[in-house]
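Taking the UniProt record's numbering, the leading residue of the sequence shown gets 1, the next gets one more, and so forth.
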Amino acid sequence: MASLSSTALVTFQGIQDQYSLNSDLTFQFTFKSSQDFPLKDSLAIFKLGWNHVTEYVAIKSAPIDVSPEQIIYSVTFNQHILPKNIEDLFQVCYLRGQILCGASSPFQFTDNAMPTKDEDFEIVYDKAHKTRVLSEKDQEIERLKEENEILRESLRTLIISSKNKDTLKEIKGMKTMVLRHDAEIKMLKDKIRAGGEEYKKLYIENFMVKTRYDKLRAKMLGLNDDDEKCTTKKYEKSKTRFPYTDDEDSDDGIGVADLDLDDLKSIPPFPSILKK
């Protein structure tokens with residue numbers, strides 16, 4: 001920023017913190033002493049931190065007719081030449097050639113419309129009203145926060161209770177399932193046990209039938225042995241009585257040994273012999 005002269009010749013009046021970009025901008029200033037200024041005097045808007053007078057973003061010529069009766073002067077910047085930057089800080093300066101004769105306090109531009117002087121009272125009233133309303137809203141918000149916290153705690157309790165109920169319901173369902181499985185296992189055991197008893201019964205019956213069969217078979221084998229022994233004895237006896245008789249002399253294939261001669265009766269004598 002260029003150095004300000006030792007004694008500022010111009011003082012700016014009523015500088016605001018913000019100015020709207022949507023309307024013309026008017027600056028008011030006063031001179032320290034009444035005197036004629038040359039035609040090269042001008043007002044320029046600079047970005048805060050400027051170093052040379054040529055770095056302005058907007059410039060307007062200062063008023064030419066300066067009279068002792070006039071105290072406050074003004075210069076208006078048209079809307080279309082104002083900077084569109086709403087983030088940086090700016091200041092308006094009074095220049096006499098290359099000399100800085102006065103500088104304003106920093107300000108910003110905004111897209112919002114700025115209120116007029118007629119609206120100042122309403123703005124103050126609105127601010128007070130809004131402050132009161134905001135205070136009431138803050139109290140309402142605090143109350144709602146407390147109620148919200150109470151509701152959160154209640155909800156947390158309900159969730160825990162619901163989880164416990166769900167857990168109990170799940171446990172009950174699992175218990176029912178276990179009991180049903182136990183009943184199925186018992187039924188299967190009964191079937192296995194019944195099958196074992198039936199198998200045991202069939203095994204015993206089979207054993208008894210086999211035992212009876214073995215006894216009958218042994219008995220049959222014993223009878224056959226007795227018949228063979230009896231036949232052998234009869235044969236030996238017949239051989240003793242008829243030593244010269246052979247089984248092959250029989251016409252019907254029955255040997256003498258097969259006949260029991262003791263059972264035969266004596267043949268009576270022929271009649272012819274009896275008559276003689």
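By construction, the Cβ of each residue, glycine as well, lies at the ideal position given by its N, Cα and C atoms.
Please state if the CB of residue j and the CB of residue i are separated by a distance shorter than 9 Å.
i	j	result
residue 30	residue 16	no
residue 27	residue 133	no
residue 48	residue 88	yes
residue 11	residue 102	yes
residue 74	residue 61	no
Our contact map puts residue i next to residue j with C-beta atoms below 8 Å; I'd like the distance itself, whole angstroms only.
i	j	result
residue 46	residue 82	About 13 Å separates the two Cβ atoms, so there is no contact after all.
residue 95	residue 53	6 Å
residue 40	residue 9	Not quite, the Cβ-Cβ distance comes to about 14 Å (not below 8 Å), so this is no contact.
residue 144	residue 76	The Cβ separation is near 50 Å, so there is no contact.
residue 18	residue 107	6 Å
residue 79	residue 154	Contact doesn't hold; Cβ gap of about 58 Å is too wide.
Quick check on the DSSP output: the beta strand (DSSP E) that includes residue i runs from which residue to which?
i	result
residue 15	It is not in any beta strand (DSSP E) - residue 15 carries neither H nor E in the DSSP assignment.
residue 53	From DSSP, residue 53 is part of no beta strand (DSSP E); its letter is neither H nor E.
residue 90	90-96
residue 74	72-77
residue 25	25-31
Could you pull the DSSP bridge partners for residue i from this structure?
i	result
residue 41	96
residue 59	44
residue 109	19
residue 11	30
residue 102	94
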